[in-house]
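Numbering (the working numbering), first residue to last: 1 to 241. Reading through the structure tokens given below for one structure.
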């Protein structure tokens, strides 16, 4: 399940909504088993009654109604967490909304501030970074057609980090962009190391060796922050099986 952050429409303050009801989106983004549901609630406290274990396992439990329409673009604009997300994210969200390419929301936190402006796109849950208005529109057009764009992808939220690295490596090696073309399984292979099995819907398969390391040379993890060595996932090999 994609944990969707709080969101508002671009250019509107959260305290100045035209209605007392709150729009809620819940999404499951594992490729081949994804869905997006939406509902309106009068009080966010109503959400405390949701079965989050079931949602995380991919069962929407009948919540709301199926999302109908094009992609939903969630653009990080959280200036309190990182000023670059506000300085770069808010203009991007506003331009996308004005262009009418997608339903667009400003959200509070997507992670990866050093990649701002960042955007998570539903229904498939791929995250993207270092976007421009032009590349973001390209991403939204590809999403509408059932594809992802490897050049700016930071991974599918349906997989955890080793799986994201393996998915990306296989896509770069094969040129595959279909969002539901690949399924993954992974197992630990020592400390901070994983073997990820990647299966294509046409029957091809790969085994990807992934290791967790640190980014070098040191770099700021957020705008204005001191340089550090954030964790990263490195692909050691991609083997056809």
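By construction, the Cβ of each residue, glycine as well, lies at the ideal position given by its N, Cα and C atoms.
Per DSSP, residue 241 lies in no beta strand (DSSP E) and is assigned neither H nor E.
At a cut-off of 4 residues, the continuous stretches assigned as alpha helix (DSSP H) that sit fully inside the stretch 137-197 are 161-174. Rounded to the nearest angstrom, the Cβ distance from residue 102 to residue 50 is 26 Å, too far for a contact under 8 Å. DSSP places residue 201 in the coil class of the three-state scheme, outside both helix and strand. The beta carbon of residue 29 lies closer than 7 Å to those of 2, 124, 125, 156, 157 and 158 in the same chain, with the five residues before and after it left out. Following the DSSP letters along the chain, one finds residue 40 inside the beta strand (DSSP E) bounded by residues 35-41. In this structure, the beta-carbon distance from residue 241 to residue 197 falls below 9 Å. With fewer than 16 other Cβ atoms from the protein chains shown falling within 10 Å of its own Cβ, residue 41 counts as exposed. Of all alpha-carbon atoms in 91, 113, 154 and 144, the one lying nearest the alpha-carbon of residue 133 is that of 91. By the Cβ neighbour-count rule, residue 162 is buried, with 16 or more other Cβ atoms within 10 Å of its own. Counting along the chain, residue 87 sits inside no beta strand (DSSP E); it lies in the alpha helix (DSSP H) bounded by residues 83-99. Close CB contacts of residue 142 within its chain, under the 6 Å cut and outside five residues either way in sequence, are with 149 (chain order). Residue pairing of residue 220 in beta bridges, as defined by DSSP: 227.
In terms of Cα proximity to residue 131, the closest of 144, 146, 33 and 115 is 115. Judged by beta-carbon spacing, residue 73 lies beyond the 9 Å limit of residue 35, meaning their Cβ atoms are not closer than that value.
Counted as a single uninterrupted DSSP element, the beta strand (DSSP E) harbouring residue 120 occupies residues 119-122. DSSP places residue 109 in the coil class of the three-state scheme, outside both helix and strand. In the structure shown, residue 25 adopts extended strand secondary structure according to DSSP, grouped into three states. Taking each of 153, 47, 112 and 173 in turn and checking the Cα distance to residue 231, the smallest one comes out for 112.
Taking all protein chains in view, the Cβ of residue 33 is surrounded by fewer than 16 other Cβ atoms within 10 Å, so the residue is classified as exposed. Beta-bridge annotation (DSSP): residue 114 is not paired with any residue.
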